[in-house]
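Visitor: For what it's worth, the working numbering labels the leading residue of the sequence shown as 2, then goes sequentially. Yeah, the Cβ is synthetic: ideal placement off N, Cα and C, and Gly gets one too.
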Amino acid sequence: MLQFRRRVYPDNDRAGDDAHFRWRFLRTAGADTSPRAPFTLLAVEGDEILGQWAGIDDRVWAGGRTWPVTWMVDLVVAPEHRDTMAAMALMREAVTAGRTLLATGVPARLLPFYEVFRWRRIPVGGSFYAVCRPRPLVDLAHAGDADSPATPKLPAAVRTLLPLSDRLLPLLRRARSAMIPGRGSVELLPAVPDAADGLFHRLRELLAPTPVFDAAALRWKLEARPCGRHELLGLPGAGGQLRGLAVLKLRRRPGVAGWGEVAAILVHPEDGPGFHRLLGGVEERAHRHDLDFLRLRCSVPALQRRLRPPWWLRRDRPPITDLFLH
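1) Can S128 and R6 be called in contact, C-beta distance under 8 Å?
2) Rounded to a whole number of angstroms, what is the C-alpha to C-alpha distance between H288 and G229?
3) Using a Cβ-Cβ cut-off of 6 Å (strictly less than) and excluding sequence neighbours within five positions of H269, which residues of its own chain qualify?
4) Cα-Cα, which of R66, G52, R100 is closest to D58?
5) According to the Cβ coordinates, are G52 and V78 closer than 8 Å?
6) R220 CB to nearest chain C CB: under 8 Å?
7) Going straight from the alpha carbon of T67 to that of G245, what length do you get?
8) Could you give the DSSP three-state label for A264: helix, strand or coil?
9) Assess contact between the stretch 81-94 and the stretch 214-231, defined as three or more Cβ pairs (one per stretch) separated by less than 8 Å. Is contact present?
10) Following the continuous beta strand (DSSP E) through F325, name the residue where it begins and the one where it ends.
11) Just to confirm the assignment, what range does the alpha helix (DSSP H) spanning D19 have?
12) With distances taken Cα to Cα, identify the nearest neighbour of W363 among E206, H327, R298, F325.
13) Looking at C-alpha atoms only, which residue of W260, L243, L236, R307 is the closest neighbour of L279?
14) Output yes or no for whether 8 Å exceeds the beta carbon distance between A239 and V283.
15) Quick one: Cα of P311 to Cα of W24, how far?
16) Is the Cβ-Cβ distance between L103 and L267 less than 8 Å?
17) Counting C-beta neighbours from all protein chains within 10 Å, is the total for I123 16 or more, i.e. buried, or is it exposed?
18) Taking the continuous beta strand (DSSP E) assigned at A104, which residues delimit it?
19) In chain order, what residues of the same chain lie with their CB nearer than 8 Å to the CB of R307, ignoring the 5 residues before and after it?
20) Identify which residue in E206, F201, P212 has its Cα closest to the Cα of W72.
21) Going along the chain, which residues of its own chain have a beta-carbon closer than 7 Å to the beta-carbon of R309, five neighbours each way excluded?
22) Look at L295 and V263 and say whether their C-beta atoms are less than 8 Å apart.
23) How should G56 be labelled, buried or exposed, when 16 other C-beta atoms within 10 angstroms of its C-beta is the threshold for buried?
24) Would you mind working out which of L304, V70, D317, W260 sits nearest H290, comparing C-alpha positions?
25) Do P227 and A44 come within 8 Å of each other at the CB atom, strictly closer than that value?
26) Cβ of L103 versus every heavy atom of the ligand SAH: is any distance shorter than 7 Å?
27) Put Q4 into one of helix, strand or coil per three-state DSSP.
28) Decide if V204 is buried, meaning its Cβ has at least 16 other Cβ atoms within 10 Å, or exposed.
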């Protein structure tokens, strides 16, 4: 299995890493972190693996209860077998397994494939970008990267101004972040606190539908992870409670761009000052890591209205940014 993954993902060191595979596929994203059988399907011919469908079990809060779901994270076929029915066979087995399946990041060219299997496409929110340096983001977009916004091809005259923007924008953003009231009250947390349970339970109905971000889920996602880098930021509240949490995922494409993904932000939708303090803390970490941009996916209307230009720019890329449900 790992040999196959190394071959089909030659530029991804984690794809064939044994510790990462065990963490990602052999443990539950919830209170029970004991080893379990992964939901992985293989297309094989003799002793050869032709392709793989892989999912991660998770939980979603919606309609006043927790729902077990499986996130589709891999559907890959070896290059020499991509003109066969291997992908069709894998998807057919997955959608008939009796699970609730979720997927994101589906490119437009694959939409007919998902429609054949009756996946339901759901627009779930917006993708917002805080740009520190425009040029790396533009380069990432022109390379067709799914983590970048849809960006039209820029005229040569405009591109000549990008180096100047790369120097000036970080200075402006640092000055603006320093002016956010209470920004210094946001703490970089060394571990997931038990108070994360109370925060999620207070907010889950207001943020629903939402993945479960209680303490157990966060510890699996952050502390048990054998590789990759995430940071957890907390905003203290009264009486030892948490007022808000944010998870910053650090990413880098060598020679192209370094960026941060706000993988989760938990705060009351009407707590504007708390939301902006958390974002100020995230931006401060971005400055410390010398990141080129931040991306935040947000589906809560009250919070979306607080992400305003020019500091946060909305750039959706449907169907890449849509949710698919089966």
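Guide: The relevant details are as follows:
1) Stepping through the sequence shown from its first residue, residue 128 is reached at position 127. Stepping through the sequence shown from its first residue, residue 6 is reached at position 5. Taking 8 Å as the Cβ cut-off, S128 and R6 do not qualify as a contacting pair.
2) Working through the sequence shown from its first residue, we reach residue 288 at position 287. Working through the sequence shown from its first residue, we reach residue 229 at position 228. Here the alpha carbon of H288 sits roughly 19 Å from the alpha carbon of G229.
3) On the sequence shown, residue 269 is found 268 positions in, with the first residue counted as 1. No residues qualify anywhere along the chain.
4) Walking along the sequence shown from the start, residue 58 turns up at place 57. Selected option, being the one with the closest Cα: R100.
5) Taking the sequence shown and counting its residues from 1, one reaches residue 52 at position 51. Taking the sequence shown and counting its residues from 1, one reaches residue 78 at position 77. Against a cut-off of 8 Å, the Cβ pair of V78 and G52 comes out as a contact.
6) The structure shown contains no chain C, having only a single protein chain.
7) Here residue 67 corresponds to residue number 66 of the sequence shown, with the count starting at 1. Here residue 245 corresponds to residue number 244 of the sequence shown, with the count starting at 1. Take the alpha-carbon of T67 and the one of G245: they are about 21 Å apart.
8) On the sequence shown, residue 264 is found 263 positions in, with the first residue counted as 1. Here A264 sits in strand by DSSP.
9) No: the two stretches stay apart, fewer than three of their Cβ pairs being nearer than 8 Å.
10) Position 324 of the sequence shown, counted from the first residue, corresponds to residue 325. 324-326 is the extent of the beta strand (DSSP E) around F325.
11) By 1-based counting over the sequence shown, the position of residue 19 is 18. That run of the alpha helix (DSSP H) goes 19-26.
12) Examination of residue 363 is not possible in this model, given that the chain is present from 2 through 327 alone.
13) Walking along the sequence shown from the start, residue 279 turns up at place 278. Of the candidates W260, L243, L236, R307, L236 places its Cα closest to the Cα of L279.
14) Along the sequence shown, read from residue 1 onward, the residue named residue 239 stands at position 238. Along the sequence shown, read from residue 1 onward, the residue named residue 283 stands at position 282. Cβ atoms of A239 and V283: not closer than 8 Å.
15) Reading the sequence shown from its first residue, position 310 is the one you call residue 311. Reading the sequence shown from its first residue, position 23 is the one you call residue 24. If you draw a straight line from the Cα of P311 to the Cα of W24, it comes to about 39 Å.
16) Along the sequence shown, read from residue 1 onward, the residue named residue 103 stands at position 102. Along the sequence shown, read from residue 1 onward, the residue named residue 267 stands at position 266. No, the Cβ-Cβ distance between L103 and L267 is not below 8 Å.
17) Reading the sequence shown from its first residue, position 122 is the one you call residue 123. Around the beta-carbon of I123, fewer than 16 other beta-carbon atoms lie within 10 Å, marking it exposed.
18) One-based indexing of the sequence shown puts residue 104 at position 103. Residues 102-105.
19) Position 306 of the sequence shown, counting from 1, holds the residue named residue 307. Cβ-Cβ distances below 8 Å link R307 to G273, F276, H277 in the same chain, with the five nearest sequence neighbours on each side left out; the list follows chain order.
20) To locate residue 72, count along the sequence shown from 1; it is residue 71. Minimum Cα distance to W72 is reached at P212.
21) Position 308 of the sequence shown, counting from 1, holds the residue named residue 309. Cβ neighbours of R309 beyond the five flanking positions: none.
22) One-based indexing of the sequence shown puts residue 295 at position 294. One-based indexing of the sequence shown puts residue 263 at position 262. Cβ distance < 8 Å, so L295 and V263 count as in contact.
23) As a working mapping, residue 56 is identified with position 55 in the sequence shown. With 16 or more other Cβ atoms within 10 Å, it is buried.
24) In the sequence shown, residue 290 corresponds to position 289, counting from 1. When each option's Cα is compared against that of H290, the closest is W260.
25) Residue 44 sits at position 43 when you count from the first residue of the sequence shown. Residue 227 sits at position 226 when you count from the first residue of the sequence shown. Note that the C-beta distance between A44 and P227 is not below 8 Å.
26) The model on display carries no ligand, and the ligand SAH is accordingly not part of it.
27) What you label residue 4 is simply residue 3 of the sequence shown in a count that begins at 1. Helix, per DSSP.
28) Counting from one through the sequence shown, the residue named residue 204 turns up at place 203. According to the sequence displayed, residue 204 carries Leu and not Val. It counts as buried.
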